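Colleague: Would you mind keeping the following structure in view while I ask a few things?
Numbering (this note's numbering), first residue to last: 26 to 101.
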């Protein structure tokens with residue numbers, strides 16, 4: 026009985042995913058909308074800084090603050 030329910034759930038999930046993919050329209054990124062005013066693009070350094078360096082720095086700051094402000098007793 027479990028195998029039958031698992032197959033049915035898998036079929037429903039696959040069917041739902043397939044229908045969503047088929048019914049969704051493309052992004053149409055080349056067509057401008059009314060009021061669309063994109064700014065200038067980012068160069069390589071700005072992109073790497075925003076999407077690579079900034080998250081790493083933010084992670085290190087949070088990890089550092091967590092270690093510094095940790096009030097639990099040290100186990101020796």
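Idealized CB from N, CA, C, for every residue including glycine. The structure displayed is predicted, hence computed values, not measured ones.
1. Give the C-beta separation of residue 75 and residue 83 to the nearest angstrom, bearing in mind that I take them to be a contact with Cβ-Cβ under 8 Å.
2. Using DSSP with H/G/I as helix, E/B as strand and the rest coil, what is residue 30?
3. Tell me the residue span of the alpha helix (DSSP H) that contains residue 83.
4. With DSSP collapsed to three states, give me the class of residue 35.
5. Whole angstroms is fine: what's the gap from residue 43's alpha carbon to residue 37's?
6. For residue 71, does the three-state DSSP call read helix, strand or coil?
Modeller: Inspection of the coordinates gives the following:
1. The Cβ separation is near 12 Å, so there is no contact.
2. For residue 30, the three-state secondary structure derived from DSSP is helix.
3. Start and end: 79-93.
4. Note: residue 35 maps to helix in three-state DSSP.
5. In this structure, the CA atom of residue 43 is about 10 Å from the CA atom of residue 37.
6. Of the three classes helix, strand and coil, the one that applies to residue 71 here is helix, per DSSP.
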